[in-house]
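Read the structure below first, then the notes.
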Amino acid sequence: MDRIQLILDIRDKDIGKRKVNLRGSMTAGNLLMTIKDRWNLDGLYQLRPSGTRTILKDEVTIESAGPFPNGAIVCEPIVQNTGTANAIARGQALPWSRPFSRVYIRESRTLREFDLRAQPAVLGRRDLRDPSRNRLLAVDLEGMEPLPSVSRHHAAITEENGSFFIETLSEANPLLLNGQRLPLGQKRPLGAGDSVKMGDFVLNFFVVV
Numbered sequence: 055m056d057r058i059q060l061i062l063d064i065r066d067k068d069i070g071k072r073k074v075n076l077r078g079s080m081t082a083g084n085l086l087m088t089i090k091d092r093w094n095l096d097g098l099y100q101l102r103p104s105g106t107r108t109i110l111k112d113e114v115t116i117e118s119a120g121p122f123p124n125g126a127i128v129c130e131p132i133v134q135n136t137g138t139a140n141a142i143a144r145g146q147a148l149p150w151s152r153p154f155s156r157v158y159i160r161e162s163r164t165l166r167e168f169d170l171r172a173q174p175a176v177l178g179r180r181d182l183r184d185p186s187r188n189r190l191l192a193v194d195l196e197g198m199e200p201l202p203s204v205s206r207h208h209a210a211i212t213e214e215n216g217s218f219f220i221e222t223l224s225e226a227n228p229l230l231l232n233g234q235r236l237p238l239g240q241k242r243p244l245g246a247g248d249s250v251k252m253g254d255f256v257l258n259f260f261v262v263v
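Residue 91 in the numbering used here sits at position 37 of the sequence shown, and the numbers go up by one each step.
If you want it as C-alpha cells, here you go:
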C-alpha cells in the first residue's frame, strides 16, 4: 500500500511541525482523530493543506487530497465565536452567577493583586487614547514593563454556574495557561491556583468562596 511522507504543522500547545509517514488511503477524519489522541488535544480542529484555505473533509483520503503545497498539512483549532468579544464591545459588566467572597489575580513578581468583580473580566493594558475600551479592564498591566508584549485586550475571564473560564483575545500575543498556549476562540477551564502567562507576566488566579 502506498505511503506518503508529509509534515504535520500542529498549531496548538507549541507542538509545531512533525514528520509523518501516512497511508494514502487514510481519511482526513481518521488522521484528525489520531492527531488529537496522540497529542491530547481538546476542542474542535480542522485540517488543510499548507498555504491554502481549503479545509479537508473527513471522508477525503490523504492520497486524493494531494499533492500538498510545501509537503505539509496544517492542523489548527476552529475559531469559534464565544460571545465574549461582543460582550466586551458592548462594555456591559455582568455579575458572577453566585456570590464569592473574593475572586482575584496575583502578579507573581510584584505580588500585586487585582480584584475581579464582574464578567467578562478583561486582562491587558489600559487604552490611553480611547478610555471607553477600558470599561471591563480588571487587570491593568500598563506601565509595568518597558516594551509591551501584552495586548490592550489580551484575555478574558468568565464564569458559568460557579466554574471559571479563560480565553485569549489576541492573535498577536500568546496566552499560556499552566504552560500551554491557548488557541483563539476557545474557552478553557480556569481553576484556583492556575498560572496564566501574558508576555513576561505570570499571573495566578484565586477564588475565595
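Yeah, the Cβ is synthetic: ideal placement off N, Cα and C, and Gly gets one too.
Keep in mind it's a predicted model, so treat the numbers as computed, not measured.
Taking the alpha-carbon of residue i as reference, which of the options has the nearest alpha-carbon?
{"i": "Ile69", "options": "Asn215, Cys129, Thr138", "result": "Cys129"}
{"i": "Thr115", "options": "Arg163, Leu177, Arg77", "result": "Arg77"}
{"i": "Arg160", "options": "Gln240, Thr212, Gln173, Val250", "result": "Val250"}
{"i": "Arg187", "options": "Val262, Gly145, Ile132, Leu170", "result": "Gly145"}
{"i": "Asp91", "options": "Pro153, Leu182, Pro202, Ile64", "result": "Ile64"}
{"i": "Val261", "options": "Leu148, Tyr99, Glu213", "result": "Glu213"}
{"i": "Leu238", "options": "Ala226, Ser118, Arg189", "result": "Ala226"}
{"i": "Gln52", "options": "Asn135, Leu62, Asn94", "result": "The question about residue 52 has no answer, for the chain in this structure spans 55 to 263."}
{"i": "Glu72", "options": "Ile89, Leu170, Tyr99, Leu229", "result": "Note that residue 72 is Arg in the sequence shown, not Glu. That would be Ile89, whose Cα lies nearest to the Cα of Arg72."}
{"i": "Ser224", "options": "Phe168, Leu236, Pro123", "result": "Leu236"}
{"i": "Asn215", "options": "Met80, Leu98, Pro153, Met87", "result": "Pro153"}
{"i": "Leu60", "options": "Ala246, Ser151, Leu85", "result": "Leu85"}
{"i": "Pro131", "options": "Ala143, Glu117, Arg102", "result": "Arg102"}
{"i": "Leu229", "options": "Met198, Val176, Arg183", "result": "Val176"}
{"i": "Glu167", "options": "Leu195, Ala143, Glu113, Arg57", "result": "Leu195"}
{"i": "Tyr99", "options": "Gly120, Asp66, Pro121, Arg171", "result": "Asp66"}
{"i": "Leu120", "options": "Ile58, Thr136, Ala141", "result": "Sequence check: residue 120 is Gly here, not Leu. Ranking the options by Cα distance to Gly120, first place goes to Ile58."}
{"i": "Ser162", "options": "Gly247, Leu182, Asn75", "result": "Gly247"}
DSSP three-state label for residue i, please.
{"i": "Asn232", "result": "coil"}
{"i": "Ile69", "result": "coil"}
{"i": "Glu167", "result": "strand"}
{"i": "Glu213", "result": "strand"}
{"i": "Pro243", "result": "strand"}
{"i": "Asp184", "result": "coil"}
{"i": "Ala147", "result": "coil"}
{"i": "Thr108", "result": "coil"}
{"i": "Asp91", "result": "helix"}
{"i": "Thr136", "result": "coil"}
{"i": "Phe224", "result": "The sequence given here has Ser at residue 224, not Phe. Three-state result, Ser224: coil."}
{"i": "Ser249", "result": "strand"}
Would you list the residues sitting across from residue i in a DSSP beta bridge?
{"i": "Ile58", "result": "Leu76"}
{"i": "Val261", "result": "Val157"}
{"i": "Asp194", "result": "Gly178"}
{"i": "Glu130", "result": "Gln100"}
{"i": "Asp63", "result": "Lys71, Val128"}
{"i": "Phe219", "result": "Thr212, Pro243"}
{"i": "Val256", "result": "Lys251"}
Under a Cβ-count criterion, where at least 16 other Cβ atoms within 10 Å of its own Cβ denotes burial, should residue i be classed as buried or exposed?
{"i": "Gln173", "result": "buried"}
{"i": "Ala108", "result": "This sequence places Thr at residue 108; Ala is not what is there. Thr108 comes out exposed."}
{"i": "Arg179", "result": "buried"}
{"i": "Glu221", "result": "buried"}
{"i": "Thr138", "result": "buried"}
{"i": "Val157", "result": "buried"}
{"i": "Asp96", "result": "exposed"}
{"i": "Arg206", "result": "buried"}
{"i": "Lys111", "result": "exposed"}
{"i": "Asp133", "result": "According to the sequence shown, residue 133 is Val rather than Asp. Per the 10 Å Cβ criterion, exposed."}
{"i": "Leu165", "result": "exposed"}
{"i": "Ala192", "result": "buried"}
{"i": "Ala143", "result": "exposed"}
I'd like to know whether the C-beta of residue i is nearer than 9 angstroms to at least one C-beta of chain D.
{"i": "Ala119", "result": "Looking at the structure shown, chain D is missing, and only one protein chain is on hand."}
The ligand SAM and residue i: does any heavy atom of the ligand fall closer than 8 angstroms to the residue's C-beta?
{"i": "Leu101", "result": "Absence of the ligand SAM from the depicted structure is noted, as is the absence of any ligand whatsoever, leaving it without description."}
Tell me whether the stretch 194-209 and the stretch 241-255 touch, counting them as touching only if at least three CB pairs, one residue from each stretch, are closer than 8 angstroms.
At 8 angstroms Cβ cutoff, the stretches touch.
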